[in-house]
Amino acid sequence: MNKILLFILYSLFIQSGMYAEAPRPKAILQAHLHAASTNPSDIKTMKIHPGSTVTLQAEIKNVGNLPSAPGKVYIRFVLIEPLEDLLQSRTFHTESILLPSLYPGQVTVVKFMKEHQWPSLQDFIKQNWNMRHYQAVVKIDGEKEEKVIGYLPIFFSAYYYEGHHREVPREVKAR
């Protein structure tokens with residue numbers, strides 16, 4: 760009896776492997792965001808103080824197995840989901856920069872020129888900065904919708920610091 764049961768289980772195991780779906784080729788992008796102060800004293804201490812201006816950069820990587828199509832990338836500062844798409848949610852938006860086609864495993868660093876001024880503690884609370892975060896957004900040529908591929912929340916104690924970075928692998932059009 761045990762041999763028959765073992766044979767049936769073994770047969771099912773072999774069959775499931777034969778019909779398993781092979782991973783299909785995809786182009787998948789994700790971004791790691793970083794904010795850096797433009798204030799020389801902040802740069803020395805590696806801390807961002809209230810009222811400082813920051814520049815933003817995105818390290819974008821293709822974690823898929825096909826090259827991505829080219830497109831554009833920008834960073835915006837918005838309320839957290841599900842309020843992110845409300846127009847009044849968007850308080851800051853960098854310039855859009857051309858994003859080249861990325862091969863699997865390839866990384867590119869995009870530095871944005873538009874600076875963002877961080878608020879005083881009072882404005883941090885009044886403007887609900889604790890409910891906002893930066894989002895890296897890509898619009899790939901030939902695709903209808905924009906896709907968020909990374910997040911960066913900002914927190915405050917005695918100074919500002921970056922929260923837990925969250926890369927969001929999103930499938931995009933392959934080249």
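Residue numbering for the sequence shown follows the numbering used here, beginning at 760 and increasing consecutively.
Note that beta-carbon positions come from the ideal geometry of N, C-alpha and C, so glycine has one too.
Run of the beta strand (DSSP E) containing residue i, from where it starts to where it stops
i           : result
residue 787 : 786-796
residue 816 : 812-821
residue 825 : It is not in any beta strand (DSSP E) - residue 825 carries neither H nor E in the DSSP assignment.
residue 849 : Premise fails: residue 849 is in no beta strand (DSSP E) and is neither H nor E.
residue 930 : 929-931
residue 911 : 906-915
residue 870 : 866-870
Range covered by the alpha helix (DSSP H) that runs through residue i
i           : result
residue 856 : Residue 856 -> not in any alpha helix (DSSP H); beta strand (DSSP E) instead, spanning 856-858.
residue 885 : 880-885
Length of the line joining the Cα atoms of residue i and residue j
i           : j           : result
residue 797 : residue 814 : 7 Å
residue 894 : residue 923 : 13 Å
residue 830 : residue 821 : 13 Å
residue 912 : residue 891 : 7 Å
residue 825 : residue 931 : 10 Å
residue 853 : residue 926 : 19 Å
residue 856 : residue 788 : 16 Å
residue 839 : residue 767 : 51 Å
residue 880 : residue 901 : 43 Å
residue 872 : residue 832 : 13 Å
residue 868 : residue 800 : 25 Å
residue 763 : residue 769 : 10 Å
residue 905 : residue 804 : 36 Å
residue 850 : residue 903 : 24 Å
residue 786 : residue 929 : 8 Å
residue 862 : residue 882 : 42 Å
residue 841 : residue 794 : 24 Å
DSSP beta-bridge partners of residue i
i           : result
residue 875 : 813
residue 838 : 891
residue 921 : 913
residue 833 : 896
residue 902 : BP columns for residue 902 are empty, so no partner.
Candidates the options: closest to residue i by CA position
i           : options               : result
residue 792 : 886, 863 and 836      : 836
residue 757 : 878, 763 and 905      : What the structure shows of the chain is the stretch from 760 to 934, and residue 757 is not part of that stretch, so it cannot be assessed.
residue 823 : 876, 907, 864 and 908 : 864
residue 807 : 925, 927, 929 and 914 : 914
residue 819 : 851, 860 and 785      : 860
residue 884 : 794, 785 and 916      : 916
residue 870 : 816, 876, 889 and 801 : 816
residue 866 : 849, 784, 827 and 934 : 827
residue 898 : 921, 809 and 933      : 933
Any non-hydrogen atom of the ligand ATP closer than 8 Å to residue i Cβ
i           : result
residue 886 : Among the components of this structure there are no ligands whatsoever, and the ligand ATP is therefore not found.
Residue-chain proximity (residue i, chain B), Cβ-Cβ < 9 Å
i           : result
residue 912 : Here chain B cannot be found, since the structure has a single protein chain.
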